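Residue numbers (the working numbering): 14 to 685. All remarks here apply to the structure that follows.
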Ligand SMILES: [Zn+2]
């Protein structure tokens, strides 16, 4: 499922559009030091106008063009410059108080020390403007085109930027390049910029040959859960074999950056927060209580404890989820006599995302994210979209309603970020940890060869087939999470079988039980796979964890799940995910170039000027980066060959300067 963002209608003002028609041209006028209060000009073209040290109260300029005008040290109050065009103008130390600039466009202007207080600058085009020494406070900048604007956090105060800059860069062809399309590997991939062959996370659970048990991706016996009574084992990212974007941010800032993960599922909160994360929070499944692990801290912070004490989870129980026509889609009423299961009941509705965003707001406010000395990182995984998706499939009315609800919830959350931090200071990246197959019965109704193939049944089939083949009954498989099987090396050891032979025997039995093909661990370790797209996906799925195992290649549209649908295949329905970026450095648009989730961390690391994570293999998505802009007084320098070239733009970048503000990026990841 993909998610689109409603940012309101953004002014379709394109850089370089011709200015309004003008009736009169005035060249070389000198209004320096004059008081121009009360003047009114319509459709006048001013060339080389000098307004240095002019004063102005209430003058009105409508559809005028200013070419190379000097507004230096001028002061304007309650003036209007509506639908005007400013080309190569200088606003050095100019002051605009409660002025109206609605619909005006600025092209190659300089704004050194410009001060803007109050007023309405909605729908202005400020593409690529260098505002880093300008200041704005209390200004309406609704639906302004601020792409590529350079500014500093401190220079924008109380600025209403709704609809501005939220025209994101949206990749329509983002696919995972591996076969392990599950939650834990997906989150590891997004934040490490590597596949399983780099980060090691092969599944949500796997066989641990030392412990001789199936272990979950973030289970850690050395730790304890924090936030609920009891002594349950805690969680940590100890199985991760690569570091994350957050870890690199921590390294680059000597720990000054703060990094947090939030999700309904432990693995979706812990893995993204990396080794150096300040905190990861997820819910206790029966009650919805927010918990963490002693890996991060020994007790919940005060704000999180208060959140739990306020019983906010309860308000999401016993509720009806209705679609826009008022039909009840699901209820969160616990079944009579059964213990409540918050995760299943609330987790299958958009209320779960409301609950997560409520917690995220508390975290941002109380941990003061975006207000510290360095860039902070927050990763939010919206688990409900996955929990419901498994039950009803991606084509259901419920998932449609869930997508619409997610859209609104994201819009509300971004508005909160706008007020709390200022959207000029935030980067947002949106993606998902995997896709999902259509419900087999939905695909089968269209005559696609779809089926449910329960993993438990296949495991029993393989065990009994091997028991017959080797004339020795044994539990040859310790686990089978369709289509991956983990072997009992002791059972094969008793037959004096080596790993490779054992894995082949299991693979052949899995084929008998309905899989199309298989790759053994030993084969992948040697890098032995055909030089095809599919072969590469399996090489990328190799992990040194998990003992002896076999990765089965499933038939398309066959899911290892009864009563719903699943993911975990190398096919497009599981690999295809959204990938979108929002924020000032990103050129809005729909991008149909090849992209992969491994590109996310690498692109953000590049913009932050830090190392990419240790095992990253993604590329910097240069096509979405706004080019640096020349400002009126920037020294001319040789063009930087590495700058992205943008067709149809009427300027040449001259200064290879950074285009990125120091942002406080927030990653909102859709979860499956
Ligand atoms: Zn799932």
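Heads up, the beta-carbon is just placed ideally off N, CA and C, and yes, glycines get one too. Remember, predicted model here, so these are calculated numbers, not experimental data.
Rounded C-alpha distance that separates residue i from residue j
i           : j           : result
residue 95  : residue 54  : 11 angstroms
residue 8   : residue 191 : An answer regarding residue 8 cannot be provided, because it is not within the stretch 14 to 685 covered by the chain.
residue 139 : residue 99  : 10 angstroms
residue 253 : residue 214 : 6 angstroms
residue 238 : residue 297 : 10 angstroms
residue 556 : residue 339 : 48 angstroms
residue 653 : residue 635 : Reliability of the predicted coordinates at residue 653 is poor, the pLDDT of 36 falling under 50, and the value obtained from them is presented with this limitation in mind. Going from the Cα of residue 653 to the Cα of residue 635 covers about 14 angstroms.
residue 431 : residue 151 : 13 angstroms
residue 208 : residue 353 : 37 angstroms
residue 148 : residue 391 : 27 angstroms
residue 141 : residue 598 : 9 angstroms
residue 404 : residue 577 : 5 angstroms
residue 85  : residue 46  : 10 angstroms
residue 449 : residue 408 : 10 angstroms
residue 20  : residue 436 : In this prediction, residue 20 has a pLDDT of 28, which is less than 50 and means its spatial position is unreliable; what the coordinates show is noted afterwards. Those two C-alpha atoms are separated by around 12 angstroms.
residue 603 : residue 507 : 58 angstroms
residue 33  : residue 93  : 16 angstroms
residue 44  : residue 117 : 22 angstroms
residue 440 : residue 596 : 5 angstroms
residue 315 : residue 308 : 18 angstroms
residue 446 : residue 420 : 18 angstroms
residue 714 : residue 101 : Shown here, the chain extends from 14 to 685; a query on residue 714 therefore has no answer.
residue 400 : residue 505 : 37 angstroms
Environment of residue i [buried if 16+ CB atoms lie within 10 Å]
i           : result
residue 272 : buried
residue 689 : For residue 689 there is no data in the structure shown, the boundaries of the chain being 14 and 685.
residue 345 : buried
residue 328 : exposed
residue 243 : exposed
residue 545 : exposed
residue 331 : exposed
residue 411 : buried
residue 173 : buried
residue 76  : buried
residue 380 : buried
residue 498 : buried
residue 263 : buried
residue 292 : buried
Same chain only: Cβ atoms within 6 angstroms of residue i, ignoring 5 sequence neighbours per side
i           : result
residue 474 : 526
residue 427 : none
residue 229 : 218
residue 644 : At residue 644, the pLDDT of 39 sits below 50, so the modelled position is not reliable and the matter cannot be decided from this model.
residue 501 : 488, 489 and 491
residue 133 : 113, 115 and 153
residue 581 : 194 and 195
residue 568 : 529
residue 463 : 453, 456, 457 and 570
residue 42  : 62
residue 97  : 74, 77 and 117
Neighbourhood of residue i by C-beta distance below 7 angstroms, restricted to the same chain and skipping five residues each side
i           : result
residue 135 : 115, 153, 154, 155, 156 and 157
residue 40  : 60 and 61
residue 533 : 513, 516, 517, 520 and 563
residue 49  : 67, 69 and 72
residue 396 : 276, 277, 278, 281, 360, 365 and 684
residue 552 : 210, 537, 540 and 542
residue 468 : 493, 494, 495 and 573
heavy atom of ligand 1 below 7 angstroms from residue i C-beta
i           : result
residue 589 : no
residue 399 : yes
residue 607 : no
residue 196 : yes
residue 580 : yes
residue 432 : no
residue 403 : yes
Beta-carbon proximity list for residue i, same chain, < 8 angstroms, skipping 5 on both sides
i           : result
residue 321 : 240, 302, 303 and 313
residue 482 : 518 and 522
residue 245 : 237 and 238
Residue i CB to nearest heavy atom of ligand 3 below 7 angstroms
i           : result
residue 221 : For the structure depicted, ligand 3 is absent and the ligand set comprises only ligand 1.
* Asked: What beta strand (DSSP E) runs, 3 residues minimum, are completely inside the stretch 295-342?
  -> Segments of the beta strand (DSSP E) lying fully in the stretch 295-342: 303-306 and 333-335.
* To do: Note down, one range per segment and in chain order, each alpha helix (DSSP H) of at least 4 residues found wholly within the stretch 196-280.
  => 196-205, 209-212 and 258-265
* Asked: Can you give, in chain order, each stretch of the alpha helix (DSSP H) that sits fully within the stretch 394-420 and has at least 4 residues?
  -> 397-405
* Asked: Whole beta strand (DSSP E) runs in the stretch 446-498 with 3 or more residues, listed along the chain?
  -> 490-494
* To do: Would you list, in sequence order, the uninterrupted beta strand (DSSP E) runs of no fewer than 3 residues that lie entirely inside the stretch 486-568?
  => Within the stretch 486-568, complete beta strand (DSSP E) segments of at least 3 residues are found at 490-494, 497-500, 530-533 and 562-566, given in chain order.
* Asked: What are the uninterrupted segments assigned as alpha helix (DSSP H) that are 4 or more residues long and contained completely in the stretch 588-632, given in chain order?
  -> 611-621
* At what residue ranges does the stretch 71-139 contain a whole run of the beta strand (DSSP E), taking only runs of 3 or more? -> 73-75, 78-80, 88-90, 93-95, 98-100, 108-110, 118-120 and 128-130
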